[in-house]
Amino acid sequence: MATVKKDDRLTRSQSFVCVGFAGFFSKTVTSPLEVVKIKSQVGTFHSKRGFWQSFLIIYQNEGLRGFWKGNLASCLRLFPYNAVHLATYRKIVHLHMDELGFISQWRAIFAGGLAGVVAALATYPLEVAETRLIIQNCRQPTYIGVAHSLSKVYKNEGLLALYRGFSLTVLGAVPFSVGCYAVYMNLDKLWQEPPVRFTPLQNLINGCLAAGVAQTLSYPFETVKRKMQAQSARLPHFGGVDVHFTGMIDCFIQVIKHNGVLSLWNGLTANTIKIVPYFGLLFTCFEMCKQVCLYHNGYIISPLSYKLTPGVDQSLGPNELEEVKRHLKNRNFGSGDSSLRNRW
1 MATVKKDDRL TRSQSFVCVG FAGFFSKTVT SPLEVVKIKS QVGTFHSKRG
51 FWQSFLIIYQ NEGLRGFWKG NLASCLRLFP YNAVHLATYR KIVHLHMDEL
101 GFISQWRAIF AGGLAGVVAA LATYPLEVAE TRLIIQNCRQ PTYIGVAHSL
151 SKVYKNEGLL ALYRGFSLTV LGAVPFSVGC YAVYMNLDKL WQEPPVRFTP
201 LQNLINGCLA AGVAQTLSYP FETVKRKMQA QSARLPHFGG VDVHFTGMID
251 CFIQVIKHNG VLSLWNGLTA NTIKIVPYFG LLFTCFEMCK QVCLYHNGYI
301 ISPLSYKLTP GVDQSLGPNE LEEVKRHLKN RNFGSGDSSL RNRW
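For reference, each letter of the sequence shown is one residue, going 1 to 344 in the UniProt record's numbering.
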């Protein structure tokens, strides 16, 4: 059994900002690996000479700027994605909780997968924009910024083009959830202790392991999805895709026929290397942002440590703690005013 844990000492807006800031920072730092991964999935010429050569070819053709193409679209997608994901996840979890507030690990992972699909649907056009911006040459751009890419795709190719390949997000959620479930069901065996006793470092390692296994299992679906997002008859060289196809099934067939089954995992090296710094930065930035918020709320004595403020009830919510402070302040002011009157 597992419980849905959250820190009630943070307001909803603070939790949202912490997650958003951590995601923004970690995505920006690891953007070069994401660019190499997506170019490898699409099959552009940059990826033909292997992982390390891809960095050199991108730098020679587009400069340092080429490693952060599409990053703004990816970061802009974070906030609405997290908002929709969190709201959907909480709704599903509450429906499956027992009377004590517990939910099985499998149902929690299923809820996360379903919430991810709903959030992906709400923000999918930004993912298409990210792919289009990454595969183009930034020195000879077809699209100038996120808004321009969205409007141009819509104008030239129609609304459905902004959702091309979305069905693969749904299909990929199945092996992704199975991968997460397989890892989390064996964590107690790996660490030889119950999950409730895991340290922050153990939780970070667990997250990296789960992400690595889950993303590897669902990777072929993402590869085909990226190809479908990228291909367009209105772009030079059909968007740089290494195979031409008429739909999802045909894309799988053409990729296997021309490049082999293993090509469905092109870019997996960059994706795997990205996991550790991405989750490490995500976890660290979230904790740093959380400490600042807890200090602001009065729960800890410094934004640089988790040392609790003496005399503060940590079980109180932010609004309740603020009300207690206001009450104590008014009482102290009243007692001081009374003694002043007695003096006179």
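All C-beta atoms in this analysis are idealised placements derived from N, C-alpha and C, irrespective of residue type, glycine included.
Owing to the predicted nature of the structure, the values given are computational and were not obtained by experimental measurement.
Minimum C-alpha distance to residue i - residue among the options
i      : options                           : result
Leu217 : Pro200, Val178 and Thr44          : Val178
Leu235 : Leu72, Gly20 and Lys152           : Lys152
Asn137 : Tyr299, Gly63 and Met288          : Gly63
Leu95  : Ala108, Val84 and His85           : Ala108
Pro220 : Val17, Pro200 and Leu168          : Leu168
Ala115 : Arg132, Arg90, Ala129 and Phe198  : Arg90
Thr272 : Leu328, Val324 and Ala214         : Ala214
Gly43  : Ile300, Pro310, Gly311 and Gln231 : Gln231
Thr269 : Phe21, Phe55, Gly20 and Ser302    : Phe55
Gly66  : Tyr81, Glu34, Met97 and Ala83     : Glu34
Thr28  : Pro277, Leu308 and Asp98          : Pro277
Cys180 : Val324, Ile253 and Gly112         : Gly112
Asn82  : Gly20, Ile253 and Met185          : Gly20
Val170 : Lys257, Val118 and Asn259         : Val118
Asp7   : Tyr299, Val324 and Ser149         : Tyr299
Leu264 : Leu133, Glu222 and Thr30          : Glu222
Ile275 : Ile253, Gln105 and Ala210         : Ala210
Counted within 10 angstroms of its Cβ, other Cβ atoms place residue i as buried (16 or more) or exposed
i           : result
Pro141      : exposed
residue 353 : With the chain represented from 1 up to 344, any question about residue 353 goes unanswered, as that position is not in the structure.
Thr88       : buried
Arg326      : exposed
Gly158      : exposed
Gly50       : exposed
Pro318      : buried
Cys18       : buried
Asp242      : buried
Thr131      : buried
His237      : exposed
Tyr147      : First, the residue type needs correcting, since residue 147 is Ala and not Tyr in the sequence shown. Result: exposed.
Pro32       : buried
Phe45       : exposed
Ile144      : exposed
Phe102      : exposed
Asn330      : exposed
Leu328      : exposed
His296      : exposed
Tyr306      : exposed
Asn266      : buried
Val183      : buried
Gly260      : exposed
Gly172      : buried
Reduced DSSP category for residue i - H, G, I as helix; E, B as strand; rest coil
i      : result
Phe102 : strand
Ile144 : coil
Leu308 : strand
Ile275 : helix
Ile301 : coil
Gly116 : helix
Ala129 : helix
Lys225 : helix
Pro195 : helix
Leu321 : helix
Ser338 : A caution first: Ser338 carries a pLDDT of 46, below 50, which makes its placement in the model unreliable, though a value can still be read off. Residue state, collapsed to three classes: helix.
Asp250 : helix
Tyr138 : The displayed chain sequence assigns Cys, not Tyr, to residue 138. Three-state result, Cys138: coil.
Arg326 : helix
Ala233 : coil
Gly23  : helix
His244 : coil
Asp188 : helix
Lys155 : helix
Gln314 : coil
Leu86  : helix
Arg164 : coil
Lys69  : coil
Arg331 : helix
Asn61  : helix
Leu76  : helix
Integer-rounded CB distance, given that residue j should sit under 8 Å from residue i
i      : j      : result
Ile135 : Gly239 : 6 Å
Tyr124 : Phe166 : 5 Å
Arg226 : Gln53  : Their Cβ separation, rounded to whole angstroms, is 20 Å, which puts Arg226 and Gln53 out of contact at 8 Å.
Gln60  : Cys293 : About 44 Å separates the two Cβ atoms, so there is no contact after all.
Gln314 : Arg12  : With 8 Å as the limit, Gln314 and Arg12 do not qualify as a contact, their Cβ atoms being about 18 Å apart.
Ser26  : Leu281 : 4 Å
Cys208 : Phe279 : 5 Å
Cys251 : Met228 : 6 Å
Arg77  : Glu127 : 6 Å
Pro175 : Leu187 : Contact flag wrong, Cβ pair sits at about 19 Å.
Interface flag, residue i vs chain C, CB-CB below 7 Å
i      : result
Ala122 : Among the chains of the structure shown, chain C does not appear; only one protein chain is present.
Residue i CB to nearest heavy atom of the ligand GDP below 6 Å
i     : result
Leu64 : The ligand GDP is not part of this structure, which contains no ligands at all.
Should the region 69-86 be regarded as contacting the region 25-45, the criterion being three or more beta carbon pairs within less than 8 Å? The region 69-86 is in contact with the region 25-45.
Would you check if the region 241-259 and the region 203-213 touch, i.e. whether three or more CB-CB distances between them fall below 8 Å? Taking 8 Å as the limit for Cβ pairs, the verdict is that the region 241-259 does not touch the region 203-213.
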